[in-house]
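Just below is one structure, and these are the notes that go with it.
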Amino acid sequence: MRTTALEILKTVYGYDAFRGPQARIVEHVIGGNNAFVLMPTGGGKSLCYQIPAIVRPGMGLVVSPLLALMADQVAALRQAGVKAAALNSDLAGEERHALWRNVRAGNLDLLYLAPETLLRPDVLELLDGVRLSLIAIDEAHCLSQWGHDFRPSYRQLDAVVTRFGGTPRMALTATADEPTRAEILSHLDIAEADAFVAGFDRPNIRYAIEEKDNPRAQLKDFLKRHEGESGIVYCLSKRKTEETAAWLRDQGYDALAYHAGMDRAAREANQARFRHGEAVVMIATIAFGMGIDKPDVRFVAHVDLPGSIEAYYQETGRAGRDGMPSDTLMLYGSEDIALRSRFIEESDAPDHRKRMERQKLDALLGLAETAGCRRQALLSYFGDHSEPCGNCDTCAEPPRLFDGTIAAQKALSCIYRTGERFGQAYVVDVLLGVENDRIAQFGHNRISTFGIGTEHDNRAWRAILRQLIALRLVEVDLAGHGGLSIAPAGRDFLRDRPTLMLRVPAAARARRGKVARGAVQSSVAAADRDLFQALRQKRLEMARTQNVPPYVIFHDRTLIELASAKPSSRAEMASVPGVGEAKLDRYGPAFLAVIAEYA
Ligand code: ADP
Ligand code: ZN
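Numbering (this note's numbering), first residue to last: 263 to 861.
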């Protein structure tokens with residue numbers, strides 16, 4: 263059995279070996295067992311149900327939450343020569359009949375459908391007469407009532423798995439947390455012994471977190487490193503996505519906005535352009551999420567603080583599904599912390615929920631302020647382990663720490679002496695001894711803390727205050743005026759005066775100035791870059807004529823391999839990863855011709 267699965271991996275997908283737990287899962291399901299698969303994005307979940315569905319007799323059902331996702335998967339499978347189709351409500355009468363004729367004739371290996379479609383009585387009845395190889399429930403966390411992606415119809419899928427009780431069922435997700443996992447297992451009646459859990463690490467993703475200094479300049483520097491590549495920029499508000507997209511278009515980027523306030527057609531149009539394009543920057547709120555199956559998202563930037571470590575992990579996780587180097591950047595400042603705190607306090611959630619949300623925010627701030635490896639901090643949050651990774655900002659350039667005890671005392675006492683009601687800018691001015699009308703009007707140029715902080719500059723003081731807020735020594739007024747006050751932990755600190763180590767703020771824009779090449783381009787040898795671009799161009803042409811996203815033809819990784827190996831025959835091309843037999847027949851000649859021009 264194993265060889266059959268391996269043969270399919272090679273001939274259909276063009277890959278030489280299974281990755282991580284894939285081989286065990288595939289074998290397990292081919293053997294007729296259920297499986298729960300928890301793998302990070304890009305881990306290769308799809309093969310885990312596709313290959314068993316091809317090997318086992320009968321047709322596999324794949325439940326997927328979004329039409330766009332299904333369409334892409336089906337397009338990619340067909341390109342590889344797999345008999346796959348999607349059953350959706352848009353199908354016109356004749357198409358629908360033809361599809362069912364195919365199903366009954368046993369002509370399909372995989373049928374994708376939304377849960378709402380599967381639950382329809384007429385569909386269930388038709389399926390009663392069909393031999394099923396397995397039922398795979400993708401994005402299975404959508405059945406969790408506590409998660410962000412809850413879909414009521416997902417919840418009713420337990421009835422379907424009972425109805426087809428003898429058919430192996432699979433639940434697949436990338437959502438990490440323990441309660442969700444337990445809920446999926448019990449709801450779909452999958453045994454603990456059938457659970458396969460891969461580690462959470464995404465080694466090809468680089469993590470970087472910077473304090474907000476000049477966010478637009480910081481974003482621009484980041485994007486400059488990714489010319490010609492696609493990526494996502496997450497913002498907190500709808501308005502900000504629109505403004506940022508407009509600004510980036512002025513800068514010459516192909517930038518699109520995406521948020522829940524846009525009408526559905528506009529949203530779908532932008533999503534389609536993102537999927538089909540080669541260098542599109544999507545400026546989005548978190549509404550842009552689950553449907554992103556694009557494997558070549560090369561970067562994800564957060565210009566506002568995300569909601570939690572889970573959210574940060576999921577959102578950054580949309581980069582680099584194809585395993586190629588990908589880059590992330592998160593920016594955050596004191597205002598972000600204040601705003602996030604306000605969201606929590608002003609929500610009408612019960613107290614225990616608020617407490618949990620506060621802890622989650624603190625954990626995220628801990629990640630942002632850590633002087634250690636980001637990946638280590640991130641993975642340890644999920645109970646996973648990593649050595650210092652060498653692929654994050656703090657590994658590349660460990661932040662310097664200084665004894666901030668005195669600075670913290672000065673800042674706290676300045677907040678106290680000015681009455682615990684002024685914002686950050688004002689407090690910093692008093693510390694620096696700035697003479698201005700407002701300070702004079704309140705008489706704060708005559709208090710003992712006026713001008714006691716001249717050993718640090720304005721920027722350094724802002725960084726110190728931000729860290730005191732993140733450490734919960736200082737509170738930000740939640741009514742929104744941004745007034746600083748001393749938190750209970752700050753009072754303890756003033757009393758006990760323990761040593762407090764703080765980060766030295768990164769020198770302004772020091773390590774940014776230089777423009778590096780995009781992550782993928784830099785993995786192409788200089789001599790092969792023109793060929794790589796020509797291959798990309800060919801891929802884009804062929805994608806346009808078929809109206810499919812370029813990556814369903816070949817992934818970037820395959821193009822890079824082609825550019826470096828420069829095969830001159832069909833047989834040589836067949837050994838390049840990602841080139842299966844169907845694609846060799848269909849695209850071999852065209853791509854070999856391009857390569858011949860450069861050889
Ligand atoms: P997930 O659904 O877990 O996010 P996918 O199934 O989309 O991940 O796979 C991610 C990428 O990895 C795809 O480009 C896929 O073709 C590739 N991939 C999966 N399995 C293998 C493998 N065994 N060898 C090489 N590439 C693989
Ligand atoms: Zn690291």
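Every residue, glycine too, gets a C-beta built ideally from N, C-alpha and C. Note that the structure is predicted; figures quoted are calculated from it, not measured.
Distance between beta carbons of residue j and residue i, contact taken as under 8 Å
i    : j    : result
E697 : N707 : 6 Å
A338 : L370 : About 16 Å separates the two Cβ atoms, so there is no contact after all.
D589 : R501 : Not a contact, Cβ separation roughly 26 Å.
I548 : A507 : Rounded, the Cβ-Cβ distance is 16 Å, inconsistent with contact.
L394 : G320 : 5 Å
V274 : A333 : V274 to A333, Cβ: 20 Å. No contact.
Other residues of its chain near residue i: CB distance less than 7 Å, five sequence neighbours each side excluded
i    : result
L824 : L797, V838, F853 and I857
R728 : E473, G595 and S596
K272 : D278
D790 : A825 and S826
I886 : The structure shown does not extend to residue 886, since the chain spans only 263 to 861, so no value can be given for it.
E378 : S415
R773 : Only weak support is given to the placement of R773: the predicted model assigns it a pLDDT of 48, under 50, and the question is left unresolved by the model.
K307 : V299, M301 and L434
T429 : L394, L396 and I397
Own chain, CB closer than 6 Å to residue i, minus 5 neighbours either side, in chain order
i    : result
L591 : A470, F484 and A563
R417 : L405
L262 : What the structure shows of the chain is the stretch from 263 to 861, and residue 262 is not part of that stretch, so it cannot be assessed.
R771 : Summary for R771: the model assigns pLDDT 47, below 50, so the residue's position carries little reliability; its value from the coordinates is reported in the next sentence. Same-chain partners within the cutoff: there are none.
T761 : T667
R848 : none
V766 : R662 and F664
A522 : A549
G305 : A460
G775 : With a pLDDT of 41 at G775, under the threshold of 50, the modelled position of this residue cannot be trusted; read the value that follows with caution. None.
F755 : L735
D558 : D584, Y813 and D818
Other residues of its chain near residue i: CB distance less than 8 Å, five sequence neighbours each side excluded
i    : result
L821 : F794, L797, R798 and R801
M835 : L824, P829, V841, L846, G850, F853 and L854
W408 : P441, T442 and E445
C497 : T503, T506, I545, A546, T547, V565 and D566
Residue i beta carbon near the ligand ADP (any heavy atom closer than 7 Å)
i    : result
H817 : yes
D463 : no
M586 : no
Q284 : yes
L339 : no
F280 : yes
P557 : yes
P377 : no
L764 : no
P839 : yes
T303 : yes
K307 : yes
R468 : no
Y277 : yes
R537 : no
R580 : no
R560 : no
R583 : yes
N- and C-terminal bounds of the alpha helix (DSSP H) containing residue i
i    : result
V692 : Q686 to L694
I731 : N720 to A732
F755 : P750 to D758
R431 : R431 -> not in any alpha helix (DSSP H); beta strand (DSSP E) instead, spanning R431 to T435.
I446 : E440 to H449
V542 : Note, V542: premise wrong, no alpha helix (DSSP H); beta strand (DSSP E) at V542 to A546.
Limits of the beta strand (DSSP E) - the one that residue i falls within
i    : result
D665 : L663 to D665
I397 : L394 to I399
I494 : S492 to Y496
V324 : M321 to V325
F561 : V559 to H564
A581 : First-last for A581: undefined, no H or E at that position.
L591 : S588 to Y594
A625 : That residue, A625, is in no beta strand (DSSP E); its alpha helix (DSSP H) goes D613 to E631.
T761 : No beta strand (DSSP E) holds T761; DSSP gives it neither H nor E.
E834 : No beta strand (DSSP E) contains E834, which is instead part of the alpha helix (DSSP H) from R832 to A836.
V766 : Taken as a continuous stretch (DSSP letters only), V766 belongs to no beta strand (DSSP E), as it is neither H nor E.
Min CB distance residue i to chain D below 8 Å
i    : result
D665 : Note that chain D does not occur in the displayed structure, where there is just one protein chain.
Under a criterion of Cβ closer than 5 Å to any non-hydrogen atom of the ligand ZN, which residues qualify, in chain order?
-> C635, R637, C651, C654 and C657
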